Ligand code: UD1
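Residue numbers (my numbering): 843 to 1205.
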């Protein structure tokens, strides 16, 4: 039985790593394909080393481009790989362009697709990721959901319940595994930072960073907030490419740095007084860690982080941001409970289900 994993962008790596490990333990034959959507060492290579993922068996090296170019490049380079490797199941992760491109190729070749992190919906079709989620889920044969809202969304869209499996959150598997190492590393980082308290910022959504009218006021507020609490801001290439001059003009308490490795970033998330972000995964990680998270988006595909976690949706309401930031500074924290199945064993559940279901597709 051959399982082929497709990864391409930074958030895929921490999702695929524990699944790869669980399937190895269960004796699956595995092939790892890296599309090359992310290619900078700091956006890709460091994650393979840290997360102990083997080097990819196939690297498609597609690089950047418009959505159509990138998706098409992945499809045309991935199709021959599928034809040659003849996997029984292809596992795709999350909501990036690599996810939907691979799912499309497999659906047309009649190869079974399993989507890890299925069913999440922001209900905002202006987000490229929402389109990727909708299409991938429609094309998938097995849908592994992280939380019950995912199951509800899929059923509402007509996906048969026999295909849906609530397994929990694979990214939390990685977090649980690597948190002790991240804590060890943090001791050294803390010394270097020489800060008692700090906040952590990440911003890369096109809706936030592509337009001047949106990004510059946001940066101004962050600059202002950093005077009360130093903010560490690892800058995504998309944001750096567009705004490096403006970022340099901010006060030194807004500490812009290169993208961080997984362990460094995890340690900072754990010990931050507050995290300000537009990422999806960080909303989940902060909920698990119990760190306050202020999300600079109008909506989230991860509502459980609001109802059961530490997340607050801020949108572009700068008054609300200032208020919530001040609350975090004063030690206020939303009550967050343990989310069922975010327990470090989601990948084991996937391995168990695949052992039962990953027979060659009978189409
Ligand atoms: C992608 C995902 C997004 C995810 C994010 C995590 C899609 C549609 N979006 O967004 O869901 O949250 O990854 O980082 O798949 N670049 C580099 N080096 C790299 C990668 C990108 O310099 O290694 C630059 C390029 O200028 C590129 C831009 O970043 O044009 C955007 O990269 P791309 O992969 O298209 O999308 P992301 O914004 O990273």
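We treat Cβ as the ideally placed atom computed from N, Cα and C, and that holds for glycine. Values in this document were obtained by computation on a predicted structure and should not be read as measured data.
Let's test the definition: count the other Cβ atoms within 10 Å of the Cβ of residue i and tell me whether it reaches 16, buried, or not, exposed.
{"i": "residue 862", "result": "buried"}
{"i": "residue 993", "result": "buried"}
{"i": "residue 1099", "result": "exposed"}
{"i": "residue 1091", "result": "exposed"}
{"i": "residue 1137", "result": "buried"}
{"i": "residue 1205", "result": "With a pLDDT of only 39 at residue 1205, under 50, the local geometry of the prediction cannot be trusted, and the value read off the model is given with reservation. Exposed: under 16 other Cβ atoms inside 10 Å."}
{"i": "residue 919", "result": "buried"}
{"i": "residue 897", "result": "exposed"}
{"i": "residue 935", "result": "buried"}
{"i": "residue 1083", "result": "exposed"}
{"i": "residue 910", "result": "exposed"}
{"i": "residue 1094", "result": "exposed"}
{"i": "residue 817", "result": "In the structure as shown, the chain begins at 843 and stops at 1205. Residue 817 is therefore absent and cannot be evaluated."}
{"i": "residue 1174", "result": "exposed"}
{"i": "residue 1144", "result": "buried"}
{"i": "residue 1157", "result": "exposed"}
{"i": "residue 853", "result": "buried"}
{"i": "residue 1159", "result": "exposed"}
{"i": "residue 960", "result": "buried"}
Mind checking who residue i pairs with in its DSSP beta bridge?
{"i": "residue 1008", "result": "987"}
{"i": "residue 900", "result": "875"}
{"i": "residue 1153", "result": "1135"}
{"i": "residue 1096", "result": "1073"}
{"i": "residue 1223", "result": "Look at the range of the chain in this structure, 843 to 1205, and you will see that residue 1223 is not part of it."}
{"i": "residue 956", "result": "933, 984"}
{"i": "residue 1044", "result": "1119"}
{"i": "residue 849", "result": "876"}
If I'm right that residue i touches residue j with Cβ under 8 Å, what's the distance once you round it to whole angstroms?
{"i": "residue 858", "j": "residue 1009", "result": "Not confirmed; about 14 Å, so no contact."}
{"i": "residue 1195", "j": "residue 989", "result": "Not confirmed; about 17 Å, so no contact."}
{"i": "residue 944", "j": "residue 916", "result": "7 Å"}
{"i": "residue 846", "j": "residue 927", "result": "6 Å"}
{"i": "residue 940", "j": "residue 851", "result": "6 Å"}
{"i": "residue 899", "j": "residue 873", "result": "5 Å"}
{"i": "residue 1181", "j": "residue 864", "result": "The pair is not a contact, with the Cβ atoms about 20 Å apart (cut-off 8 Å)."}
{"i": "residue 985", "j": "residue 1007", "result": "7 Å"}
{"i": "residue 1178", "j": "residue 1132", "result": "6 Å"}
{"i": "residue 1184", "j": "residue 1011", "result": "5 Å"}
{"i": "residue 1109", "j": "residue 1014", "result": "Residue 1109 to residue 1014, Cβ: 16 Å. No contact."}
{"i": "residue 996", "j": "residue 979", "result": "6 Å"}
{"i": "residue 1027", "j": "residue 1106", "result": "6 Å"}
Can you tell me which of the three DSSP states residue i falls into?
{"i": "residue 855", "result": "helix"}
{"i": "residue 1117", "result": "strand"}
{"i": "residue 1183", "result": "coil"}
{"i": "residue 1102", "result": "coil"}
{"i": "residue 1142", "result": "coil"}
{"i": "residue 947", "result": "helix"}
{"i": "residue 1205", "result": "Low confidence applies here, because residue 1205 scores a pLDDT of 39, under 50, leaving its location unreliable and the question unanswered by this model."}
{"i": "residue 1172", "result": "coil"}
{"i": "residue 1091", "result": "coil"}
{"i": "residue 1130", "result": "helix"}
{"i": "residue 1198", "result": "helix"}
{"i": "residue 942", "result": "helix"}
{"i": "residue 1078", "result": "coil"}
{"i": "residue 1164", "result": "helix"}
{"i": "residue 1124", "result": "helix"}
{"i": "residue 1107", "result": "helix"}
{"i": "residue 967", "result": "coil"}
{"i": "residue 1192", "result": "helix"}
{"i": "residue 928", "result": "coil"}
{"i": "residue 1177", "result": "coil"}
{"i": "residue 1039", "result": "coil"}
{"i": "residue 882", "result": "coil"}
{"i": "residue 916", "result": "helix"}
{"i": "residue 905", "result": "coil"}
{"i": "residue 961", "result": "coil"}
Does the structure place the segment 1037 to 1051 close enough to the segment 1073 to 1080 that three or more beta carbon pairs sit under 8 Å? Judged by Cβ distances under 8 Å, the segment 1073 to 1080 makes contact with the segment 1037 to 1051, as three or more pairs qualify.
Handout entry: the segment 1179 to 1188 / the segment 1162 to 1171 touching (three or more Cβ pairs under 8 Å)
Key = Taking 8 Å as the limit for Cβ pairs, the verdict is that the segment 1162 to 1171 does not touch the segment 1179 to 1188.
| Is it true that the segment 863 to 881 meets the segment 897 to 908, where meeting means three or more beta-carbon pairs spaced less than 8 Å apart? | Taking 8 Å as the limit for Cβ pairs, the verdict is that the segment 897 to 908 does touch the segment 863 to 881.
Next item on the list: Indicate whether the contact test is met: 3 or more Cβ pairs, each with one atom in the segment 1123 to 1131 and one in the segment 1050 to 1067, closer than 8 Å.
Entry: Too few Cβ pairs lie closer than 8 Å, so no.
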